[in-house]
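These notes are about the structure you will find just below.
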Amino acid sequence: MTKFIFVTGGVLSSLGKGITSASIATILKQSGFKVSMLKIDPYLNVDPGTMSPLEHGEVFVTADGAETDLDLGNYERFIDQTLTAKNSFTTGQVYQSVIKREREGGYLGKTIQIIPHVVDEIKDRIYAAADDNDFLIIELGGTVGDIEGLPFMEAIRAIRHELPKTNTMNIHVTLVPYIRAAGELKTKPTQHSVQELRRIGITPHMLVCRTEKPLPKNLKDKLALSCDIDKNAVIEAGDAQSIYQVPLHFIKEGILNALSEHFYIKIKPNMEKWDTLVKNILVPQDEVTIAFVGKYLDLKESYKSLIEALVHAGAHLNTKVNIHWCDSERIEDVGAYDIIGNADGILVAGGFGHRGVDGKLQAIKYARENNIPYLGICLGMQLAIVEFARNVLGIEKANSIEFEENCEEPIIYLIDEFIDQSGNKQLRTHESPMGGTMRLGEYPFEPLKGSKLQIAYGKEEVYYERHRHRYEANPAYKDRLEEAGMIISGQSNGLIEAIELKEHPWFVGVQFHPEFTSHLETPNPIILEFVKQSNKK
Ligand code: GLN
Numbered sequence: 002m003t004k005f006i007f008v009t010g011g012v013l014s015s016l017g018k019g020i021t022s023a024s025i026a027t028i029l030k031q032s033g034f035k036v037s038m039l040k041i042d043p044y045l046n047v048d049p050g051t052m053s054p055l056e057h058g059e060v061f062v063t064a065d066g067a068e069t070d071l072d073l074g075n076y077e078r079f080i081d082q083t084l085t086a087k088n089s090f091t092t093g094q095v096y097q098s099v100i101k102r103e104r105e106g107g108y109l110g111k112t113i114q115i116i117p118h119v120v121d122e123i124k125d126r127i128y129a130a131a132d133d134n135d136f137l138i139i140e141l142g143g144t145v146g147d148i149e150g151l152p153f154m155e156a157i158r159a160i161r162h163e164l165p166k167t168n169t170m171n172i173h174v175t176l177v178p179y180i181r182a183a184g185e186l187k188t189k190p191t192q193h194s195v196q197e198l199r200r201i202g203i204t205p206h207m208l209v210c211r212t213e214k215p216l217p218k219n220l221k222d223k224l225a226l227s228c229d230i231d232k233n234a235v236i237e238a239g240d241a242q243s244i245y246q247v248p249l250h251f252i253k254e255g256i257l258n259a260l261s262e263h264f265y266i267k268i269k270p271n272m273e274k275w276d277t278l279v280k281n282i283l284v285p286q287d288e289v290t291i292a293f294v295g296k297y298l299d300l301k302e303s304y305k306s307l308i309e310a311l312v313h314a315g316a317h318l319n320t321k322v323n324i325h326w327c328d329s330e331r332i333e334d335v336g337a338y339d340i341i342g343n344a345d346g347i348l349v350a351g352g353f354g355h356r357g358v359d360g361k362l363q364a365i366k367y368a369r370e371n372n373i374p375y376l377g378i379c380l381g382m383q384l385a386i387v388e389f390a391r392n393v394l395g396i397e398k399a400n401s402i403e404f405e406e407n408c409e410e411p412i413i414y415l416i417d418e419f420i421d422q423s424g425n426k427q428l429r430t431h432e433s434p435m436g437g438t439m440r441l442g443e444y445p446f447e448p449l450k451g452s453k454l455q456i457a458y459g460k461e462e463v464y465y466e467r468h469r470h471r472y473e474a475n476p477a478y479k480d481r482l483e484e485a486g487m488i489i490s491g492q493s494n495g496l497i498e499a500i501e502l503k504e505h506p507w508f509v510g511v512q513f514h515p516e517f518t519s520h521l522e523t524p525n526p527i528i529l530e531f532v533k534q535s536n537k538k
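In our numbering, the protein residues as written are 2 to 538.
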């Protein structure tokens, strides 16, 4: 029977509930338990797919093509597992299901209410995510006291009531602020937050206290007493240099005893490999600088998975990967050299819309002409083809129809028909709705034998990588590209998945997002190889 650990947040947002949840899941997983995770987002959007990256950060895509909150990415990176659409849901999805059922007459004439109908739908989704796991760690987005969170809190309370006592645990992540003028750490906000939780009917069993200063024992005892929590279940969470240190910090703080005593089980994680990787991140032997060309630089969270994938590669190569942020619009103003300079490698990340595209094209030309290792992801591959077509093949009008609808040379085009992962035919036009209509999720492809891509992956076999894009490279130009020295190094069902250049030390473009499958323990091979090639002295 699955044990449920609910993680709620108090006082304010951005306390690192996602990392806390993922760290606890990691500890349990490394102890040999089967774990899974679930993110609940109380907002009304059906999914974050249509939200601006500048507002919401990255949209993480699961293998089965769900567009989810970036926390799911953190979960996968920590627990080294593939999650699915079942592992996250929003208020929007809950209401969509309830209203659909109501329209279908599924409630037999009843009045539909938050309690019980909406809460039942939430409970069903939580139970469905449990599968046959030993533990399901559920993170509830938002902060205690939010109106949107109430139905979810009620579901947590009800599940606690339905299951045996040792099958659920409530963990509250809170802030213990340091007031400089008084020179003191303050527990009052936490006390209020716990009072609010208890008013709703949820008793926390553990506090994870975010703090900038170490929590002295007497303060922990005070929190334990005032919040009615076991003394050894008040866990300090100071700021960490690397997020991957957090599970190790929790263990030092005595979380193993607290979890064992709550669930009456032995928890003994093997963190040896994890520990070595963290050491490589903190005290690396080598360093390399990657020029990261993008346009959502005001909110680096938009590139969360890619930034982490570079950290994973660095951890495995015992190398610090310095990211040199390059704003593609600044490149347009002053040229590639002034912005990129002597970076060891150039990365052009994915993106949508015309802004900054010319700067990215200049960065690509700079990488190609100067033999600098290049990795182009999604838009970064599409633009590498455009750049090559214009400057090597001399097709001056080559463009993506994303930027020029009636382009004469649509080298990146809108494929109106393709076969999706489940074997169904998908149709696309310019009129298709924005939400959920891209090529999403994982598709198989086999890297071309002997290509740089295949060498990066190692074994010659079929690999799966995840997609999130509307446009595709146009196969009508394939022969001309190949004659001029571009290699199509990967295809999936006739769609072009990867390219590289023959006359270049390492120039690779991929239509998918390799960063979505990179985990601390198992880095993505392409990103690993890119960092390795960039570090060739
Ligand atoms: N805008 C491009 C497309 O939709 C690339 C998307 C991306 O980089 N994720 O095809």
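Glycine included, every Cβ here is placed at the ideal spot set by N, Cα and C.
Q. What three-state label does DSSP hand Leu449 in the structure shown?
A. In the structure shown, Leu449 adopts coil according to DSSP, grouped into three states.
Q: Let me know if Ile180 comes out buried or exposed under the rule of 16 or more other beta-carbons within 10 Å of its beta-carbon.
A: Exposed, because fewer than 16 other Cβ atoms sit within 10 Å of the Cβ of Ile180.
Q) Which residues in the same chain as Glu530 place their Cβ atom closer than 6 Å to its Cβ, once the five residues preceding and following it in sequence are excluded? A) If the five residues before and after Glu530 are omitted, its C-beta is found closer than 6 Å to the C-beta atoms of Ala457, all from its own chain and listed in chain order.
Q) By Cβ distance below 7 Å, which residues in the same chain neighbour Glu341 in space, the five residues on each side in sequence not counted? A) The sequence shown places Ile at residue 341, rather than the Glu named in the question. If we look at Ile341 and ignore the five residues flanking it on each side, its Cβ neighbours are Ala292, Cys327, Ile347, Ala364 and Tyr367.
Q) beta strand (DSSP E) containing His1: first to last residue? A) Any answer about residue 1 is impossible in this case: the structure gives the chain only from 2 up to 538.
Q.
Measuring only the C-alpha atoms, how far is Ala477 from Leu318?
A. Distance between the alpha carbons of Ala477 and Leu318 is about 40 Å.
Q. For the ligand GLN, any of its heavy atoms closer than 7 Å to the Cβ of His355?
A. Answer for His355: no, Cβ out of range of the ligand GLN.
Q) Which word fits His162, buried or exposed, when buried means at least 16 other C-beta atoms lie within 10 angstroms of its C-beta? A) His162 is classed as exposed because its beta carbon has fewer than 16 other beta carbons within 10 Å across all chains shown.
**Q.** Gly202 to Lys269 span [Cα, whole Å]
**A.** Going from the Cα of Gly202 to the Cα of Lys269 covers about 32 Å.
Q.
Helix, strand or coil for Leu176? Go by DSSP, reduced to three states.
A. Leu176 carries a strand assignment under DSSP once its states are collapsed to helix, strand and coil.
Q. If you check the beta carbons only, do Ile123 and Phe7 fall under 8 Å apart?
A. No. Outside cutoff.
Q.
Taking the alpha-carbon of Gln492 as reference, which of Leu502, Thr320 and Lys479 has the nearest alpha-carbon?
A. When Leu502, Thr320 and Lys479 are compared, the shortest CA-CA separation from Gln492 is found for Lys479.
Q. To which residues does DSSP link Asn75 through a beta bridge?
A. Its beta-bridge partners do not exist; DSSP assigns none.
Q: Would you kindly work out how many angstroms separate the C-alpha atoms of Gly510 and Ser401, rounded to a whole number?
A: Roughly 16 Å separates the two Cα atoms.
Q: Spatial neighbours of Leu13 within its chain, please: CB distance less than 8 Å, with the 5 preceding and 5 following residues excluded, ordered by chain position.
A: Counting only Cβ-Cβ distances below 8 Å, and skipping sequence neighbours, we find Thr144 and Leu176.
Q. Span of the alpha helix (DSSP H) holding Leu226?
A. Boundaries of the alpha helix (DSSP H) around Leu226: Lys218 to Cys228.
Q) According to DSSP, what are the bridge partners of Gln492? A) Assignment of beta-bridge partners to Gln492 by DSSP yields Ile497.
Q. Closest by CA to Ala350, which one among Gln383, Val119 and Gly107?
A. Of Gln383, Val119 and Gly107, the residue nearest in Cα terms is Gln383.
Q.
I'd like to confirm something about His57: is its beta-carbon nearer than 7 Å to some heavy atom of the ligand GLN, or not?
A. The ligand GLN has no heavy atom closer than 7 Å to the beta-carbon of His57.
Q) Looking at C-beta atoms only, is the number of pairs between the stretch 458-475 and the stretch 374-388 that lie closer than 8 Å three or more? A) Verdict: yes, contact present.
Q | Pick from Thr277, Met154 and Ala234 that is closest to Glu262, judged by C-alpha positions | A | Considering only alpha carbons, the answer is Ala234.
(Q) Using a Cβ-based criterion (distance less than 7 Å to any ligand heavy atom), does Cys379 qualify as near the ligand GLN? (A) Result yes, Cβ under 7 Å from the ligand GLN.
**Q.** Closest residue to Ile324 among Gly336, Arg331, Ala344 and Cys228 (Cα-Cα distance)
**A.** From the listed residues Gly336, Arg331, Ala344 and Cys228, the smallest Cα separation to Ile324 is found for Ala344.
**Q.** C-alpha distance - Ser147 paired with Gln286, whole-angstrom precision
**A.** In the sequence as displayed, the identity of residue 147 is Asp instead of Ser. Whole-angstrom Cα-Cα distance: 46 Å.
Q.
I need the DSSP call for Thr21, collapsed to helix, strand or coil.
A. Looking at Thr21 - three-state DSSP - the assignment turns out to be helix.
Q: Please list, in chain order, all residues of the same chain as Lys223 whose beta carbon is under 7 Å from its beta carbon, the five residues on each side excluded.
A: Once the five neighbours on either side are set aside, the close Cβ partners of Lys223 are Thr188.
Q) Are the Cβ atoms of Glu59 and Ser306 separated by less than 8 Å? A) Contact flag set, yes.
Q.
Could you give the first and the last residue of the continuous beta strand (DSSP E) run that contains Ile341?
A. For Ile341, no beta strand (DSSP E) segment is defined; the enclosing uninterrupted segment is the alpha helix (DSSP H) at Ala337 to Ile341.
(Q) Here's a check: name, in chain order, each residue in its chain whose Cβ is nearer than 8 Å to the Cβ of Lys232, leaving out the five neighbours to either side. (A) In chain order, Lys221, Asp222 and Ala225 place their CB closer than 8 Å to the CB of Lys232, counting only its own chain and leaving out the 5 sequence neighbours on each side.
Q: List in chain order: all unbroken alpha helix (DSSP H) runs of 4+ residues lying wholly within the stretch 251-309.
A: Counting only runs of 4 or more, we get 256-264 and 273-283.
Q. Under the three-state reduction of DSSP, which class applies to Phe1: helix, strand or coil?
A. Nothing about residue 1 can be reported from this structure: the residues present for the chain run from 2 to 538 only.
(Q) Does the beta-carbon of Arg467, which I'm using as the reference point, lie nearer than 7 Å to any heavy atom of the ligand GLN? (A) No, the ligand GLN has no heavy atom inside 7 Å of this Cβ.
(Q) Taking 7 Å as the cut-off, is the C-beta of Gly351 nearer than that to any heavy atom in the ligand GLN? (A) Because some heavy atom of the ligand GLN lies under 7 Å away, the Cβ of Gly351 counts as near it: yes.
Q: Please indicate yes or no: does the CB of Glu403 lie closer than 7 Å to some heavy atom of the ligand GLN?
A: At least one heavy atom of the ligand GLN is nearer than 7 Å to the Cβ of Glu403, so yes.
Q.
I'd like the list of long-range same chain contacts for Glu462, defined as Cβ closer than 8 Å, with 5 residues on each side in sequence excluded.
A. Only Glu447 meet the Cβ criterion.
Q: Determine the DSSP secondary structure at Glu237, reduced to helix, strand or coil.
A: DSSP places Glu237 in strand when its eight states are reduced to three.
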